[in-house]
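**Q** Here's a structure for you.
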Amino acid sequence: MISIQNIEIKRTARFATFGNLDEKTTDVWFVIHGYGQLAEFFIKKFTFLNPETNFVVAPEALSRHYLSTHQNKVGAVWMTKEDRENEVKDYVNYLNTLKDTLLSEHQHQYRLNIIAFSQGCATAWRWVNDGNAKFDNLVLWAGDFPAEIDYTKIPERFPEMKVMYVYGLDDEVLREWQTYEILEQKLKEKDFLFSKVISFEGKHELNESVLKQVEAIIKK
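Residue numbering for the sequence shown is 170 to 389, as defined by our numbering.
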């Protein structure tokens, strides 16, 4: 008789940082990568930020895989549908631990922000919903909304958190997931969440000029 069971283990997680974390820091950014990306490359998208006043943390998802049959490129993935409840629990615990480890000794006032891209959007939503942090800003970039979250309760639970949604008008990955009509309907149904929705001429990518626009809105 086959029995499928689980056991909790210790493991090592990887993350990248950019900038300084001290009394001059005004903004801490957790940047959550998408499917098949790695922290060391993803964080480079945020090096335009002033390192004297910004501290950027790019956690890397706990599961990695080869991106091609040639096995010369590796990416990381936050979860799959297999044993999904435990995968979500594991990465929420990981992100909580990472945040606490890095920030516990820094109690001066700063904004705590998330920018999540693609698959990272679902990860960010679950971290906000199930984690132990209260964020000032949540920026969702070209990602979907986990079905299990009750979004009507988010504004009441996190009244200070501002939420933005960003997407490209020629995003080939979004078009694979769903039509733009479905995305626009989802955004309309959840318009009570968003302080700003930004669309731009571009594909499934982090656009630096739009990132700078997002930064300006957050720091306004």
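We treat Cβ as the ideally placed atom computed from N, Cα and C, and that holds for glycine.
#1: Does the beta-carbon of residue 237 have 16 or more other beta-carbons within 10 angstroms, so that it is buried, or is it exposed?
#2: What residues match up with residue 206 in a beta bridge as DSSP calls it?
#3: By Cβ distance, which residues of its chain are closer than 8 Å to residue 303, with the 5 residues on each side in sequence left out?
#4: In the stretch 248 to 296, which residue ranges form an unbroken beta strand (DSSP E) of at least 3 residues, counting only runs that do not cross its ends?
#5: Alpha carbon to alpha carbon, how far is residue 224 from residue 275? Give it in angstroms, no decimals.
#6: Under 8 Å Cβ to Cβ from residue 377, same chain only, skipping five residues before and after it: list those, please.
#7: Using 8 Å as the threshold, is the stretch 204 to 213 in touch with the stretch 179 to 193, meaning 3 or more CB pairs across them?
#8: Within the continuous beta strand (DSSP E) that includes residue 320, where are the two ends?
#9: Is DSSP giving residue 298 helix, strand or coil here?
#10: Measure the Cβ-Cβ separation of residue 301 and residue 323 and say whether it is below 9 Å.
#11: Kindly identify the DSSP beta-bridge partner or partners of residue 233.
#12: Using 9 Å as the threshold, is the C-beta distance between residue 202 and residue 287 below it?
#13: Which residue or residues does DSSP assign as beta-bridge partners of residue 197?
**A** Working from what's here:
#1: Translated into the one-based positions of the sequence shown, residue 237 becomes position 68. Exposed is the call here.
#2: Against the sequence shown, residue 206 aligns to sequence position 37. DSSP lists 245 as partners of residue 206.
#3: Within the sequence shown, numbered from 1, the residue matching residue 303 stands at position 134. Within the same chain, residue 303 has close Cβ partners 281, 327, 329 and 330.
#4: 280 to 286
#5: Within the sequence shown, the letter at position 106 stands for residue 275. Within the sequence shown, the letter at position 55 stands for residue 224. Roughly 12 Å between the two C-alpha positions.
#6: Here residue 377 refers to the residue found at position 208 of the sequence shown. Contacts found: 214 and 217.
#7: yes
#8: Here residue 320 corresponds to residue number 151 of the sequence shown, with the count starting at 1. It is not in any beta strand (DSSP E) - residue 320 carries neither H nor E in the DSSP assignment.
#9: Within the sequence shown, the letter at position 129 stands for residue 298. Reduced to three states, the DSSP call for residue 298 is helix.
#10: As a first step, residue 301 is located in the sequence shown; it is residue number 132 there, counting from the start. As a first step, residue 323 is located in the sequence shown; it is residue number 154 there, counting from the start. No, they are not a contact pair.
#11: The count along the sequence shown starts at 1 and reaches residue 233 at position 64. Bridge partners of residue 233: 245.
#12: As a working mapping, residue 202 is identified with position 33 in the sequence shown. As a working mapping, residue 287 is identified with position 118 in the sequence shown. Result yes, Cβ atoms of residue 202 and residue 287 sit closer than 9 Å.
#13: Locating residue 197 in the sequence shown gives position 28, counting from the first residue. Paired residue(s): 224 and 281.
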